[in-house]
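Participant: Below is a structure I'd like to ask you about.
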Amino acid sequence: MTTPDLRSLLRAPEQAPSVPAVSSPAVPSVPAVQDVPAAPAAATAAVPTAAPVMPTMPASGAAAAPAELPTTPPTEVATTPTTAVPAAPPVEVPGLPTTVQPGVFSPESARKDVPILHRTVNGQPLVWLDNGATTQKPRQVIEAVSAYYSAANSNIHRGAHTMAREATELYEAGRGAVAQFLGAPSPDTIMFVRGTTEAINLVAQSWGRAHLGPGDDILVPVLEHHSDIVPWQLIAEETRARVVPVPLTPDGDIDQDAYADLLSARTQMVVVSQASNVLGTVPPVREMAALAHRYGAKVLVDGAQAVAHMPVDVQELGADFYAFSGHKLFAPTGIGALYATPEAMAEMRPWQGGGNMIESVSFERTTFAPMPHMMEAGTGHISGVVGLLAAIDWLRGFDQQAVAAYEQALMSYAMQAMATVPGLEVIGSAAERIAVMTFTLAGHDPASIANWLDKDGIAVRAGHHCAQPALAHYGLESAARASFALYNTSGEVDQLVASLRRLQEAGPGAEKA
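Structural data, given as structure tokens:
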């Protein structure tokens, strides 16, 4: 067989031409625009470095399954109504762009590359609003992983044969792409891990075990994902350090006054998400890191929810450690990356032992490979790195500032549209946030809401979102969450709103019928 040029599969797609705007699907009984509550003035400012909100956004749902879908006859989508409600004028929200600016970005240009977005669920076109849990994969990622296994599968770093060299080249190209994507100074500052959770555990075990002791403080905001809390509780129990919660303000921001008061000479580590998975809050990480550094503390930034939504520069943020998961970035599951400054790396000890992380081994003495390889014991997720490389190339093919601005415009639209649903309450109202909406609906538990929406082909998350302290701040144990990505559209927001309004009109218990 002829070996394909794998690197050619990793190139970013050409930008799609502009797509004419089409009307959004109708939403029943939606008040006139003057009755729609205005979104917070700063709703489009969640990404400080983003360009002004694009003057372009299609109103198209773009969710119908194409005729070529092998599991769905062409007539199925055409004959299955997406709503069974009386027609009504579509939502008209001020400030929502309705056209696409050529050569910048459009959700259709992303959607065309993502095969799963063109399937049906329960006879309805899929509306994927569970991006906070995982993102869907473009064909460039799928093809790159397939090509790797078809033509270049080999272990890395240890072989002298051609395929070993090819696989190693791809793996290290992935490391370089991650470094560039994060604004890191060198590929040598990047360690591959299974995901954000493993990265945080790595830091807790390799850095924390060596530096934490009795009376030391680890500051963790109440906002955080369990992965930012539990690993530090485990190492604190072992070292007799303390995990100190940083409280939230009523709107879901980290209380910066309380944070400043909690910092002290005892503070050894501050752990903070660049964007919250449950409230969408974007904290002032750069300022928090600078303040922590005045006390000699290290700062670990959880970027799992940020990397797909905003440009990242770890040096500008002042992060000592930065972690993210590939599957939140349109890449495969089981792969992620951890950035660490050279100074932080010098203070880390091996946390796992085995092959690939050693220089020499004898029963008398073992010496370790230089960083970052010292933290990568055993055979890594090579195909995952190939997929991550493809995902980064794909995403970088779009204007990142335009993507961030588009998502903020979509979020502003969604906030106003959701406000028309009786009894619906969005949790958190931080001025700066990513496109995440966690909400409750009077008379319906979150699992029932998700079940109802699923019948309409709409995928949302329900539960505690691995952020129980954050929900407890609002007196909740669970909530529903719609989380958006660059391929979502205002038409899909309209479908979500229409389905929720039907549920509310049907009353409690309707979702079980």
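Final position of the sequence shown in the working numbering is 608; the numbers increase by one with none missing.
All C-beta atoms, glycine included, are put in the ideal place defined by N, C-alpha and C.
These numbers come from a predicted model, not from an experiment.
In the DSSP assignment, find the unbroken beta strand (DSSP E) run with residue 399 in it and report its ends.
Facilitator: That residue, residue 399, is in no beta strand (DSSP E); it is neither H nor E in DSSP.
Participant: Given 8 Å as the limit, is there contact between the stretch 510-524 and the stretch 263-275, that is, 3 or more CB pairs closer than that?
Facilitator: With the cut-off at 8 Å, the stretch 510-524 and the stretch 263-275 do not touch.
Participant: For residue 243, count neighbouring Cβ atoms within 10 angstroms of its own Cβ and tell me buried if that reaches 16, exposed if not.
Facilitator: Classification for residue 243: buried.
Participant: When you compare each of 492, 434 and 477 to residue 258 by their alpha carbons, which one comes out closest?
Facilitator: Ranking 492, 434 and 477 by Cα distance to residue 258 puts 477 first.
Participant: Does the stretch 282-290 come close enough to the stretch 379-397 to have 3 or more Cβ pairs within less than 8 Å?
Facilitator: Counting Cβ pairs under 8 Å, fewer than three are found: no touch.
Participant: Between residue 589 and residue 581, what straight-line distance do the alpha-carbon atoms span, to the nearest angstrom?
Facilitator: For residue 589 and residue 581, the distance between alpha carbons rounds to 16 Å.
Participant: Would you kindly work out how many angstroms separate the C-alpha atoms of residue 218 and residue 508, rounded to a whole number?
Facilitator: About 27 Å.
Participant: Starting from residue 362, follow the beta strand (DSSP E) in both directions and report where the run begins and ends.
Facilitator: Segment 362-368, the beta strand (DSSP E) holding residue 362.
Participant: Thinking C-beta only, is residue 311 closer than 8 Å to residue 363?
Facilitator: Yes.
Participant: Report the CB separation of residue 265 from residue 481 in whole angstroms; it is logged as a contact under 8 Å.
Facilitator: So it is a contact: roughly 5 Å between Cβ atoms.
Participant: Spell out the partners DSSP gives residue 316 in its beta bridges.
Facilitator: Paired residue(s): 341.
Participant: Run through DSSP, which three-state label would residue 219 get?
Facilitator: The answer is strand: DSSP assigns residue 219 an E or B state.
Participant: Using DSSP's beta-bridge definition, name the partner residues of residue 408.
Facilitator: Paired residue(s): none; residue 408 is not in a bridge.
Participant: Would you call the CB atoms of residue 529 and residue 431 closer than 8 Å?
Facilitator: Result no, Cβ atoms of residue 529 and residue 431 do not sit closer than 8 Å.
Participant: Compute the distance between the beta-carbons of residue 594 and residue 566, then report whether it is under 8 Å.
Facilitator: No.
Participant: Could you pull out every residue in the same chain whose Cβ sits closer than 7 Å to the Cβ of residue 281, ignoring the five residues on either side in sequence?
Facilitator: Excluding sequence neighbours, residue 281 sits near 274.
Participant: In terms of residues, what are the limits of the beta strand (DSSP E) holding residue 434?
Facilitator: Segment 431-435, the beta strand (DSSP E) holding residue 434.
Participant: Let me know if residue 600 comes out buried or exposed under the rule of 16 or more other beta-carbons within 10 Å of its beta-carbon.
Facilitator: Under this definition residue 600 is an exposed residue.
Participant: Using C-beta distances below 7 Å, list every residue in its chain close to residue 454, excluding the 5 sequence neighbours before and after it, in chain order.
Facilitator: Cβ neighbours of residue 454 beyond the five flanking positions: 462, 463 and 464.
Participant: Using only alpha-carbon positions, find the residue among 467, 485 and 535 that is nearest to residue 572.
Facilitator: The residue with the shortest Cα to Cα distance from residue 572 is 535.
Participant: By how many angstroms is the C-alpha of residue 323 removed from the C-alpha of residue 294?
Facilitator: Near 10 Å, if we compare the C-alpha coordinates of residue 323 and residue 294.
Participant: I believe residue 366 touches residue 395 by the beta-carbon criterion, under 8 Å. Please report the beta-carbon distance rounded to the nearest angstrom.
Facilitator: Residue 366 to residue 395, Cβ: 5 Å. Contact.
Participant: Give the single residue among 377, 409 and 384 whose Cα lies nearest to the Cα of residue 400.
Facilitator: Closest by alpha carbon: 377.
Participant: Who are the near neighbours of residue 495 in its chain, counting only those whose CB is closer than 8 Å to its CB and skipping five residues on each side?
Facilitator: Hits under 8 Å: 405 and 406.
Participant: Where does residue 360 land, buried or exposed, given buried means 16+ other C-beta within 10 angstroms?
Facilitator: Answer is exposed; the Cβ neighbour count stays below 16.
Participant: Is it the case that the stretch 206-221 contacts the stretch 548-563, given that we only count it when at least three CB pairs across the two stretches are under 8 Å?
Facilitator: Touching, yes, given that three or more Cβ pairs across the two stretches are closer than 8 Å.
Participant: What does the alpha-carbon distance come out to for the pair residue 427 and residue 471?
Facilitator: In a straight line, the C-alpha of residue 427 is about 19 Å away from that of residue 471.
Participant: Alpha carbon to alpha carbon, how far is residue 329 from residue 518?
Facilitator: Near 40 Å, if we compare the C-alpha coordinates of residue 518 and residue 329.
Participant: Considering only residues of the same chain and omitting the five flanking positions on each side of residue 544, which have a CB-CB separation below 6 Å?
Facilitator: Within the same chain, residue 544 has close Cβ partners 536 and 575.
Participant: Where does residue 152 sit, in a helix, a strand or coil, going by DSSP?
Facilitator: With a pLDDT of 32 at residue 152, under the threshold of 50, the modelled position of this residue cannot be trusted; read the value that follows with caution. Coil at residue 152, not helix or strand.
Participant: Residue range of the alpha helix (DSSP H) that residue 535 falls in?
Facilitator: Unbroken run through residue 535 is the beta strand (DSSP E), 531-536; no alpha helix (DSSP H).
Participant: What residue range does the beta strand (DSSP E) around residue 576 cover?
Facilitator: Residues 574-578.
Participant: Between the C-alpha atoms of residue 307 and residue 438, what's the straight-line distance to the nearest angstrom?
Facilitator: Near 17 Å, if we compare the C-alpha coordinates of residue 438 and residue 307.
Participant: Whole angstroms is fine: what's the gap from residue 337's alpha carbon to residue 300's?
Facilitator: Rounded to whole angstroms, residue 337 to residue 300 spans 15 Å at the Cα level.
Participant: Thinking just about the alpha-carbon of each residue, which of 370, 344 and 602 is nearest to the one in residue 73?
Facilitator: No information on residue 73 is available, as it lies outside the stretch 96 to 608 that the chain covers here.
Participant: Between residue 397 and residue 320, which are expected to be in contact by the criterion C-beta below 8 Å, what is the C-beta distance as a whole number of angstroms?
Facilitator: Right, the Cβ-Cβ distance comes to about 7 Å (below 8 Å), so this counts as a contact.
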